[in-house]
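Chains D and P, in that order, give the protein sequences. For the first sequence, numbering that gives the first Met the number 0 assigns the number 0 to the initial residue and increments by one for each residue that follows. For the second sequence, numbering that gives the first Met the number 0 assigns the number 0 to the initial residue and increments by one for each residue that follows.
2 protein chains.
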Amino acid sequence: MLTNLKRPKTLKETALKQLREAIALGHFAPGERLVERVLCEKLGVSRTVIRECIRHLESDQLVTTVPNVGPTVASLDVTQIEEIYEIRTMLEVSAVTSCAANADDEVISKLEMYYEHISHALEEDNIQQALSDTRKLYKTIFDAGEKSVAWDLVEQLNGRIGQLRALTLRTHGRSVEGPKKLLAIIEAIKQHDEDAAAQACKDHLKQAKEIALQQVNSLNSQ
Amino acid sequence: MLTNLKRPKTLKETALKQLREAIALGHFAPGERLVERVLCEKLGVSRTVIRECIRHLESDQLVTTVPNVGPTVASLDVTQIEEIYEIRTMLEVSAVTSCAANADDEVISKLEMYYEHISHALEEDNIQQALSDTRKLYKTIFDAGEKSVAWDLVEQLNGRIGQLRALTLRTHGRSVEGPKKLLAIIEAIKQHDEDAAAQACKDHLKQAKEIALQQVNSLNSQ
DNA sequence: TTAATTAATATTGTATACCATCATACAATA
DNA sequence: TATTGTATGATGGTATACAATATTAATTAA
């Protein structure tokens, strides 16, 4: 990265980020009411800021607002979760395929670097770091495949299942399955084998979906 | 409808709708600055409301905000437009396929009814009505296919190319091509022929995409 | 005249106070 | 027990204030 284009970070941005994380980390239960004044105190900002944040989250469908009642943390049913993984599969397969067709050496070495980072982070049980690097790896793939719109959608969908993902990593984090599948994707890209890349990507997501659904079941039955 | 379950419409909602329409109808040029004060006057609401609306549009990617400068109407490049149609194709094909597999008589008669409405509206050159009915028809398809998440995304993507769509209808509105393709989709659904439905859907979108790109070119060269 | 600086003005970001309306929990009553 | 008030609190919305930053106009230098 040569220059960091934008960065006067505004209070609203940081507050929004904090709220997003709090929801993803499960600090608010699905269905829980978000009371403006409480959030003001907790984040130390004014109601103005909180309200704008909530509008943003609302439009991201991370919270659901009922007029005159207020916002609550959105919850997903199993059908929606399955659909999210299904759509992610379409989008990611499309990106991975295109990336396999176009990737140059620079992209490939970048992917391998991130893979190293991820393995390392997982060895040290640093889940957050692994997640962050995985995201960077995928962004590289989408960039190389020239799928900027798809990337936005994937990020959005991931946001909606953020709670699940955090949970999944907490319980399945040190599993070696995930990285293996990732490696398969990278290998296929390296060899410009579009079909193999697509298949590896499908496998990867199928597994992720299964773990997520498992997670949901254990949550619901508990 | 026995009871109107709809929530009380809030000022913010109506203002948001107006802004969305204004953008879609091209009343604001891409890249144009949206000044809060001006919008307040124009819509007759307070700054708070306007700001909340802008946050919403921002998250919908209809406007781009630079801190301390303000929001501007987002613009799309050709690559992104192509990608949007590509993604819409994936999502709609998925929905149409699933709908063809599951549709019962009620759904089918509903689809046929909407088709009638659309033909009628087009005959009378009532573009807005045709658009609105087309949307309802698609919503019926997505509902029957149980693709609520995909529907949200399609709506979002359509919002981002709203300007183009309005333009397209204005110039190609009375073309009989569009409805014909729609009819093919409905026929395939009626016969529960998933493959034919998928193919008809692909054709439909391919054509829409071509018209849109043509539109973009004439805009850029002009 | 044109370029560069500086002063003036707008606009955004944020905070705060205020009010009307609606929702909910609780108490009083029938 | 069921109903009706009533108190309380939250939200939707408005208005105002002010610092920080952008933009524009005005002024000065080249």
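Don't be surprised by glycine CBs; every beta carbon is placed ideally from N, CA and C.
| field | Near-chain P residues of the segment 62-90 of chain D (beta-carbon distance less than 8 Å), N- to C-terminal order | value | V65, P66, N67, T78, Q79, E82, I83, E85, I86, M89 and L90
| For the 8 Å Cβ check, are there 3 or more pairs between the segment 182-202 of chain D and the segment 21-38 of chain P? | no
| field | Nearest candidate by alpha-carbon position, reference K138(P), set Q162(P), R159(P), L75(P) and K109(P) | value | K109(P)
| query | Just by C-beta distance, which residues in the segment 142-165 of chain D are closer than 9 Å to chain P? | reply | E145, K146, S147, V148, A149, D151, L152, Q155, L156 and R159
| query | Just by C-beta distance, which residues in the segment 12-32 of chain D are closer than 7 Å to chain P? | reply | none
| request: Establish whether the CB of Q198(P) and some CB of chain D are separated by less than 9 Å. | output: no
| message | Considering only their Cβ atoms, is the gap separating P70(P) from S114(P) smaller than 9 Å? | response | According to the sequence provided, residue 114(P) is Tyr. The question's Ser does not apply to it. Going by C-beta atoms, Y114(P) is not nearer than 9 Å to P70(P).
| task | Report yes or no: do three or more beta-carbon pairs, one from the segment 73-93 of chain D and one from the segment 132-149 of chain P, lie closer than 8 Å? | result | yes
| Which residue or residues does DSSP assign as beta-bridge partners of P70(P)? | T64(P)
| said: With DSSP as the reference, identify every bridge partner of V32(D), one or two as the case may be. | reply: The residue you asked about is not Val; residue 32(D) is Arg in the sequence shown. T71(D).
| I53(D) vs E31(D) beta-carbon contact at 9 Å | no
| Chain-ordered chain D contacts of T9(P) [CB-CB under 9 Å] | P66 and N67
| task | Note the first and the last residue of the continuous alpha helix (DSSP H) segment covering T88(D). | result | V77 to N101
| query | Under a three-way DSSP split, which group does H116(P) fall into? | reply | helix
| Is it true that the CB of V72(P) sits closer than 9 Å to the CB of V215(P)? | no
| request: Please go through the same chain and pick out, in chain order, the residues whose beta-carbon is closer than 6 Å to the beta-carbon of K121(D), but skip the five residues on each side of it. | output: What sits at residue 121(D) in the sequence shown is Leu, not Lys. A129.
| Rounded separation between V62(D) and L56(D) - CA only | 6 Å
| request: Please name the residue in E12(D), G161(D), S93(D) and A143(D) whose C-alpha comes closest to that of A28(D). | output: G161(D)
| task | With 9 Å as the threshold, decide whether the Cβ of D194(D) is near any Cβ in chain P. | result | no
| message | Counting only beta-carbon separations shorter than 9 Å, does R50(P) have a partner in chain D? | response | yes
| Thinking C-beta only, is K189(D) closer than 9 Å to I107(D)? | yes
| field | Anticipated Cβ contact below 8 Å, S217(P) with G144(P), distance rounded | value | Their Cβ separation, rounded to whole angstroms, is 35 Å, which puts S217(P) and G144(P) out of contact at 8 Å.
| In chain D, which residues lie with their C-beta within 7 Å of the C-beta of R36(P)? | The contacting residues do not exist; R36(P) stays about 16 Å from chain D at best.
| task | Could you check which residue in K11(P), I185(P), S220(P) and N157(P) has the C-alpha nearest to that of P66(D)? | result | K11(P)
| request: Could you tell me which chain D residues have their CB closer than 7 Å to the CB of S58(P), listed as they occur along the chain? | output: H55, S58 and D59
| request: Answer with buried or exposed for E40(D), where buried requires no fewer than 16 other C-beta atoms within 10 angstroms of its C-beta. | output: exposed
| query | Do the CB positions of E51(P) and E51(D) come within less than 9 Å of each other? | reply | yes
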